[in-house]
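Notes follow once the structure below has been shown.
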Amino acid sequence: MTARVSAGLLLLTIITPAAAQSVPRHATIVYAVGREPTMPIPLFTAMFTENEDLADQMFLHLAVFKPGAQVTGDNALAPALAKSWHRIDPLTLVFDLDHRARWQDGTPVSAHDVVFTWQLANKTATDQSRLEPIAGVDALDPWTVRVRFKRPFLEQLYTFAFLMQPLPAHLLERVPPDAIGTSDFAKHPIGNGPFRFDHRVPGQLVELRADTSFYLGRPSIDRVIFRFVTDANTRQNLFLTGETDILDHVAPASLPQIHDDAAARIVNAPSSDLVYLLFNTRAPNDTSRIHPIFSDPRVREALTLALDRPVIARTSYGEGTPVPDAAQSQSWAWITAGGFKPAPGNLARAKALLAQAGWRDANGDGVLDKNGLPLHINVMYPASSAPRHTIALQVQQMWRAVGAEAELDRIEGSVIRGRVFGGQFDVWINVAVQDPTPTSLVQSWSCQSAHHLPTTNFAGWCDSTFDRLVGVASSAKDQPAAWRAVLSRMASQHPAIFIAAPSSIVAVHRRYDNVIIWPSRAWLSLWQWRVRPDAALPRDR
Amino acid sequence: MLRRTGDAIATALVASVVLVILLHLLPGDPLAAVLGDHPVAPDVEARMRQHWATLPAIFGGLLRGDLGQSIVQNRPVATILAEHLGPTFLLGALTLLIDFTAGLALGVWSALHPDTMRARFVGAVTIVGYALPSFVIGMLLVWVFALKLHWFPPGGVSDVLLSPDASFASRLVDHLWHLALPLAAMVIATLAVPLRQQRSAALATAAQPWVLAARARGISPGLVAWRHCWRPALTPIVTLLGLWFPMLVAGAVFVEVVFQWPGVGLLLAQATADRDVPLVIGGGLLLIIAVQLGSLLADVLYHVVDPAQRHA
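Order-wise, the sequence lines are chains A and C.
In case it helps, my numbering puts the first sequence at residues 1 to 541.
In case it helps, my numbering puts the second sequence at residues 1001 to 1312.
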């Protein structure tokens, strides 16, 4: 399978011979999630996956991904709530809403809903940076919306149409924005998507029912239950005993057990996850100063070359896990059509680079030092992550071979945020979930993000050449080539050691067909899954 | 008793203050639970934080009987605690019931048959259960009875697929089916304590002159055990009951986590990890009150079981 295809339809569409039996009347999906989706309302999800996944079942986007999941250009997305769109000029897009679309209380979805949601987003959205490129939104008639952008760029369609999930103006206009989160609407959302909110058992589950009058066709799944199970082991046990139908984030160590389960099928979906060791370029105790070790690119390169990254990726995330040289998850595999080809490790070159940079073992203790400063590196990662602990142990061992001493700092998730945002770390083993669009690189790796809040450029890395290349790529005609140049520049500067672009390993009950899992917003197509009539369980009948 | 009640209230207040202060000294930020590592503009962060209660506001709220809002769930703490209290109470009450019936009966029986193989076997089995951490017992039970034998579900409080219209009997059976493994884990982990306490106390009592005199009068062993051994040996058990009473409201964190039993223990474990300070304080207060109630209950029971206390 080529990289393009693997980045593309992110999963598995299994077409079975046409089954003669009738579709099960109560086809059901039970999905155990790690935390309770308490606010599955677009704009109010606080960007939590569980909230977003639940909201995706009830609220339509204006447009959704196509197989391939590229997001540049005006043809990048497939129609959803908007049946079509056209460009007026480089700064203006016009969307035609589907006249058949209805809120689940029967009210038609209108352009006014879109304008209302845009206005509400400006008051309430947690991440305003996503809205920044949009200059204004107005209704031309009840089903036509005009969107004006501040500047021309290739992802205008994605920026508005995918990120926009309209809310019902007729139900929320009179509710103060600050009160929406605690309103009756939040307790019993009314959407326009394939599923209706049915009921919630606090602390236990949310149940959705198919909207039989859904204008894009009746969902082939009748009910979806989001069950809350905080403990990963229990989620796995529930799947293995048949109480749930989907198990996501399957750990490689659990694969044999799941393979032994005759009812389970493993789905390797390309994901947006990227695992890397981030070098802090600023001194942890005084972020106005440069880091005494990592400000030197030769040290960063040496520490990268000292690692056998394919081995680390394999032992931490399983056989065949791609290893990128720059910030590139599998969802951006289309940039490098030949697949991921990591630069090999080179211990001799690593030692030579450290020597060039002035690091010597002056006191013979096995740890290099320079001007009295030992090459001692604090490696921070969350205590709850087993793969990252595996990575840390191997990094510690491999760095020892070049005279670098790694101190493993395994800390609680609630403490990490403060340390990361405060720049108080040497190396942080991070798992980033990348946006579908590579222009999002500016959020974490640009000079602008190094100096302005809010930012995810936690290391303060800044390279003007990289910034210039990103600017070029944002409007380049040959998108893959332009972004290859961007990633190549990043790889040459070693702002981080990129360890793995792991797949999303999902176990799904075998009775489902048409299983599609997207790399971002994974369960957008849940309503199109089907239960094979010959394999239906009692709960499906 | 009035003085004892006053002491209990004062202790609860001091413990609450210490709890609140300790929680604020903990490193970590609830923003991590609310936003993960998503960045937000400083003004947005400030807007979010302004809704979170400060230390003086928390104390003020407590004085007014208001536990405040959960930071992560954005709902009243009292409501959330009330939702989780039922499952915990059910699990805790049944555990105490079994511990203090079967455990006591086995304790007296062991004391009356101290040198038999059966008594040694029971003692050994229960002590192994006591020695194993409760989460290990829980995981073993899940592995054997849920994953291998498929007799019981591995977690949860009820079948999520059970219709809301299901009959009371169906729902009861379903709850009991889900309760079996967590309850077994709790009982296995705790049964040895009342058993051994009761056994020691009964053995000591059995050596008392009035017991020997009763036997000498030809009273049946069963009646001797019931009338002359059991009740005088209850005092240490009453102490134990007072100490374990908080289990009714705080649950057993590890068992609730392993079985995802949606009780207060599981809630507090998650709230602590999330640094959801108002929720942890609310749960902590519940625990403090339960400890004090348990202590008061023990005092009352002393008076019931020990005539000397009544007349003192």
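Every residue gets a Cβ at the ideal spot worked out from N, C-alpha and C, and that includes glycine.
This one's a predicted model, so the numbers in the text were calculated from it and none came from an experiment.
The beta-bridge partner set that DSSP reports for TRP428(A) consists of LEU278(A) and MET380(A). With at least 16 other beta carbons inside 10 angstroms of its own, ASP540(A) counts as buried. For ARG1275(C), the C-beta contacts it makes with chain A under 8 Å involve SER414, in order along the chain. The three-state secondary structure of GLN448(A), taken from DSSP, is helix.
Taken in chain order, the whole beta strand (DSSP E) runs of length 3 or more contained in the segment 137-161 of chain A are 144-149. Sequence-ordered contacts of the segment 173-186 of chain A with chain C read GLY181 and THR182 [C-beta pairs closer than 8 Å]. Against GLN1270(C), the close residues of chain A are THR230, in the order they occur along the chain (beta-carbon pairs closer than 7 Å).
Judged by DSSP in its simplified three-state form, THR1079(C) adopts helix. Under the Cβ criterion of 7 Å, LEU1091(C) is not counted among the residues facing chain A. If you draw a straight line from the Cα of PRO1154(C) to the Cα of SER295(A), it comes to about 51 Å.
Taking a C-beta distance under 7 Å as the contact criterion, SER446(A) and ASP467(A) qualify as a contact pair. Judged by DSSP secondary structure, PHE239(A) falls within the alpha helix (DSSP H) whose first and last residues are 232-240. CA-to-CA, the gap between ALA63(A) and SER84(A) works out to about 9 Å. Close CB contacts of LEU353(A) within its chain, under the 8 Å cut and outside five residues either way in sequence, are with ARG298, VAL299, GLU301, ALA302 and LEU305 (chain order).
Contact of LEU1161(C) with chain A by beta-carbon distance below 8 Å involves THR28, VAL30, ILE225 and ARG539.
Following the DSSP letters along the chain, one finds ARG489(A) inside the alpha helix (DSSP H) bounded by residues 479-493. The shortest C-alpha to C-alpha distance from GLY358(A) to any of GLY372(A), SER449(A), GLY366(A) and ASP365(A) is the one to GLY372(A). Interface with chain C (7 Å Cβ-Cβ cutoff): ASN237(A) is included. The beta-carbon distance between GLY1283(C) and LEU1243(C), rounded to whole angstroms, is 19 Å. This is too long to meet the 8 Å contact definition.
Under the three-pair Cβ rule at 8 Å, the segment 1268-1278 of chain C does not count as touching the segment 1167-1177 of chain C. DSSP links SER385(A) through a beta bridge to no other residue.
Out of ALA500(A), PRO202(A), ASP513(A) and VAL415(A), the CA that lies nearest to the CA of GLY1028(C) is found in VAL415(A). Shown here, HIS259(A) sits in a helix according to DSSP, grouped into three states. Residue environment for PRO1056(C): exposed (fewer than 16 other C-beta atoms within 10 angstroms of its C-beta). Taking a Cβ-Cβ threshold of 7 Å, the residues of chain C close to GLY203(A) are GLU1083, HIS1084 and PRO1262, in chain order.
With a cut-off of 8 Å on Cβ pairs, the segment 360-368 of chain A is in contact with the segment 398-411 of chain A, counting three or more such pairs. The segment 223-239 of chain A makes contact with the segment 1253-1262 of chain C; the number of CB pairs closer than 8 Å reaches 3 or more. A Cβ of chain A is located within less than 7 Å of the beta carbon of VAL1142(C).
For LEU1023(C), there are no C-beta contacts with chain A under 7 Å, since the nearest C-beta of that chain is about 12 Å from it. Judged by DSSP secondary structure, ILE1281(C) falls within the alpha helix (DSSP H) whose first and last residues are 1277-1305. For the segment 1128-1154 of chain C, the set of residues with a beta-carbon nearer than 7 Å to any beta-carbon of chain A comprises VAL1142, ALA1146, LEU1147, HIS1150, PRO1153 and PRO1154, in chain order.
For GLU243(A), the residues of chain C that pass the 9 Å Cβ criterion are PRO1153, PRO1154, GLY1155, GLY1156, ASP1159, VAL1160 and LEU1161, in the order they occur in the chain. One thing to note: ASP96(A) has its Cβ no nearer than 7 Å to the Cβ of THR159(A). Rounded to whole angstroms, the separation of the alpha carbons of LEU1268(C) and SER1016(C) is 16 Å. For the set ILE312(A), ASP198(A), HIS61(A) and PRO538(A), the Cα lying nearest the Cα of MET398(A) is the one of ILE312(A). The residue from GLN1073(C), ALA1010(C), LEU1025(C) and LEU1002(C) with its alpha-carbon nearest to that of PRO37(A) is GLN1073(C).
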